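This note's numbering runs 179 ahead of the 1-based position in the sequence shown.
Each residue gets a CB set at the ideal place from its N, CA and C atoms; glycine is no exception.
Keep in mind that this is a model prediction, so the values were computed, not measured.
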Amino acid sequence: MAHVVFVCLGNICRSPMAEGIFNEMIRQRGLKGQITVDSVGTGGWHEGETAHPGTRQILAEHGITYVGQARQIQAADLSEADYLVAMDTSNLNGIKRLGETHAELFRLLDLVPKAGTKDVPDPYYTGDFETVYNLVYAGCEALLEKIVQQEGLQV
Ligand code: 4NP
Numbered sequence: 180m181a182h183v184v185f186v187c188l189g190n191i192c193r194s195p196m197a198e199g200i201f202n203e204m205i206r207q208r209g210l211k212g213q214i215t216v217d218s219v220g221t222g223g224w225h226e227g228e229t230a231h232p233g234t235r236q237i238l239a240e241h242g243i244t245y246v247g248q249a250r251q252i253q254a255a256d257l258s259e260a261d262y263l264v265a266m267d268t269s270n271l272n273g274i275k276r277l278g279e280t281h282a283e284l285f286r287l288l289d290l291v292p293k294a295g296t297k298d299v300p301d302p303y304y305t306g307d308f309e310t311v312y313n314l315v316y317a318g319c320e321a322l323l324e325k326i327v328q329q330e331g332l333q334v
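Next up, the structure:
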């Protein structure tokens, strides 16, 4: 079992989008039960809130219902995750400041060289949830291939 935790700032826009997309890919590939997924924010301002309407809408347009609630990253996430996947460089540095983890820690777009950026832009400020969806989708596809290979999963 591999445990993946996506991390953004508020846990209402980008990381819940990644969680929804990645869970759907896992379901479609028949890998449920082999990979578990969660998402958190480095900040706690939106603790307990549902995902941003823009995230819920773009997920719904792709047939994905997201019902998770925002929460702030905690020590257990560092110890329980196998893959800690940050949405941007600031999130990555925020995670590193929290301390040691055995998890593999990287930015989602480190896996997508052709994206031309390492940082998933924040739609909380840009309002562009479609661009974010496309970047996160590409990142999740690459992440799934990486995990399938590294963990030797049967697909
Ligand atoms: P997220 O976007 O990190 O993709 O969830 C944000 C959500 C909330 C805030 C910033 C970014 N905020 O400052 O409240």
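Check	Outcome
Cα-Cα, which of 199, 321, 329 is closest to residue 239?	199
Exposed or buried, residue 246, counting other C-beta atoms within 10 Å across all chains shown (16 or more means buried)?	exposed
Are the stretch 209-217 and the stretch 289-306 touching by the rule of at least three beta carbon pairs closer than 8 Å?	no
Considering only residues of the same chain and omitting the five flanking positions on each side of residue 202, which have a CB-CB separation below 7 Å?	216
Our contact map puts residue 265 next to residue 274 with C-beta atoms below 8 Å; I'd like the distance itself, whole angstroms only.	6 Å
Per the DSSP calculation, residue 185 is bridged to which residue(s)?	218, 264
In chain order, what residues of the same chain have a beta carbon less than 7 Å from the beta carbon of residue 190, not counting five sequence neighbours either side?	218, 219, 220, 225, 249, 250
Could you have a look at residue 320 and say whether DSSP puts it in helix, strand or coil?	helix
Consider the C-beta atom of residue 190 and the heavy atoms of the ligand 4NP; say whether any pair is separated by less than 8 Å.	yes
Could you give the DSSP three-state label for residue 238: helix, strand or coil?	helix
Classify residue 416 as helix, strand or coil using the three-state DSSP reduction.	This structure leaves residue 416 out entirely; the chain is present only between 180 and 334.
With DSSP collapsed to three states, give me the class of residue 310.	helix
Label residue 260 either buried or exposed according to how many other C-beta atoms from any shown protein chain fall within 10 Å of its C-beta, with 16 as the threshold for buried.	buried
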